[in-house]
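Peer 1:
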Amino acid sequence: MTLGLFDDLPATPQAPEWLEPGAVVLRGFALPQAIELLQAVDAITAQAPFRHLITPGGQRMSVAMSNTGALGWISDRSGYRYGPTDPTTGLPWPPMPALFRQLAREAAEAAGYPGFVPDACLINRYAPGTRLSLHQDRDEGNYDHPIVSVSLGIPAIFLWGGAERADKARRVGLWHGDVVVWGGPARLRFHGVAPLADASHAMTSGLRINLTFRKASG
DNA sequence: TAGTAACT
DNA sequence: CGGC
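Right under this line is the structure:
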């Protein structure tokens, strides 16, 4: 994608691409806010720095993570959970910017989930080679609320699996500005990210930034 | 088990 | 694969 000067500029408003009932890719949905979103990520991660979490099995995740909002997702040797404070600093996670909340609500509504009010935004930073193996989002209080995932920077191949880990995963390209929303019958689908290819993007210093919005409590 | 090794 |  090093040649794709205009890869993040869709020629026309894009039709929603349904992966299955309940799950949709909104191409370019976050493009108008991309610069502001990335500026906010810089401000947030100046307070809650990116770090590589450890899985319960003791392995270092290749994705660097931070959080914004009342709750943040964390992993360590004792498990996965949401918590109100950053284990690295002991401070509350930085408050979620109104722009983030609004984008998540609008994307969820466009996907058929009106009234989404996220209380957690996991910020994932991917460098070339970074991956995220297939998993389910199962650490939230209930599964009535959708997941909203915003892609910024260099492209990735999203792995869209099934209800069981062994199900074959579909490979879906995600570019700067794309937003994936899944909920309802698709809420517990396995998903992940293939190892990132080398690429560059002017707005992210050659990285991919992913914002994943969830309602973790309530 | 949000990762890895150790296979085929 | 074994501890939440």
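Residue 116 in full-length UniProt numbering sits at position 116 of the first sequence, and the numbers go up by one each step. All C-beta atoms in this analysis are idealised placements derived from N, C-alpha and C, irrespective of residue type, glycine included. Just so we're clear, the structure is a prediction, and the values are computed from it rather than from any experiment.
Output the distance between the C-alpha atoms of P94 and C121, rounded to the nearest integer angstrom.
Peer 2: For P94 and C121, the distance between alpha carbons rounds to 10 Å.
Peer 1: Express the C-alpha separation of E17 and A216 in angstroms, rounding to a whole number.
Peer 2: Near 26 Å, if we compare the C-alpha coordinates of E17 and A216.
Peer 1: Counting only runs that start and end within the segment 55–91, where is the beta strand (DSSP E) found for 3 or more residues in a row?
Peer 2: For the segment 55–91, whole beta strand (DSSP E) runs of length 3 or above, ordered along the chain, are 64–68, 72–76, 79–83.
Peer 1: So, at 8 Å on beta carbons, what are the nonlocal neighbours of T2 in its own chain, with the 5 sequence-adjacent residues on each side left out?
Peer 2: Residue placement at T2 is poorly supported in this model, since its pLDDT is 44, which falls under 50; the coordinates are not used for a value here.
Peer 1: Using the three-state DSSP reduction, which class does I147 fall into: helix, strand or coil?
Peer 2: Here I147 sits in strand by DSSP.
Peer 1: Is L38 helix, strand or coil by DSSP?
Peer 2: Residue state, collapsed to three classes: helix.
Peer 1: What's the gap between the Cα of H176 and the Cα of H135?
Peer 2: Answer to the nearest angstrom: the Cα atoms are 23 Å apart.
Peer 1: What span of residues does the beta strand (DSSP E) with E20 cover, start to end?
Peer 2: Residues 17–20.
Peer 1: Given a cut-off of 8 Å on the beta-carbon distance, is the pair L152 and L26 in contact?
Peer 2: No, they are not a contact pair.
Peer 1: So, is A156 buried or exposed, given that buried needs 16 or more other C-beta atoms within 10 angstroms?
Peer 2: So A156 counts as buried.
Peer 1: Say yes only if the C-beta of T89 is nearer than 7 Å to one or more non-hydrogen atoms of the ligand COA, and no if none qualify.
Peer 2: This structure lacks the ligand COA, and indeed carries no ligand of any kind.
Peer 1: Determine, using beta carbons only, whether P118 and R138 come nearer to each other than 8 Å.
Peer 2: Not closer than 8 Å, so no.
Peer 1: My assumption, with CB atoms under 8 Å, is that F206 sits in contact with I154. Please give the rounded CB distance.
Peer 2: The displayed chain sequence assigns Gly, not Phe, to residue 206. Sure, about 6 Å apart at Cβ, within 8 Å.
Peer 1: Alpha carbon to alpha carbon, how far is L159 from A107? Give it in angstroms, no decimals.
Peer 2: Near 20 Å, if we compare the C-alpha coordinates of L159 and A107.
Peer 1: Pick out whichever of P56, Q14, A23 has its Cα sitting closest to the Cα of residue 231.
Peer 2: With the chain covering 1 to 218 only, the question about residue 231 has no answer from this structure.
Peer 1: I'd like the list of long-range same chain contacts for G69, defined as Cβ closer than 7 Å, with 5 residues on each side in sequence excluded.
Peer 2: Answer for G69: W93, M96, P118, D119, A120, C121, listed in chain order.
Peer 1: At which residue ranges does the UniProt domain "Fe2OG dioxygenase" (117–217) contain complete beta strand (DSSP E) runs of 3 or more residues, listed in the order of the chain?
Peer 2: If we require 3 residues or more, the beta strand (DSSP E) runs fully inside the UniProt domain "Fe2OG dioxygenase" (117–217) come out as 120–126, 132–135, 147–153, 156–160, 170–174, 179–182, 191–193, 208–214.
Peer 1: Considering only C-alpha positions, which residue in the set G218, E164, S75, V172 is nearest to I54?
Peer 2: Closest option to I54, Cα to Cα, is S75.
Peer 1: Just confirm the distance between the C-beta atoms of F50 and A64, as a whole number of angstroms; I'd bet it's less than 8 Å.
Peer 2: Yes, they are in contact, since the Cβ atoms of F50 and A64 sit about 4 Å apart, within 8 Å.
Peer 1: Specify the secondary structure class of A46 as computed by DSSP and reduced to three states.
Peer 2: A46 falls in the helix class under three-state DSSP.
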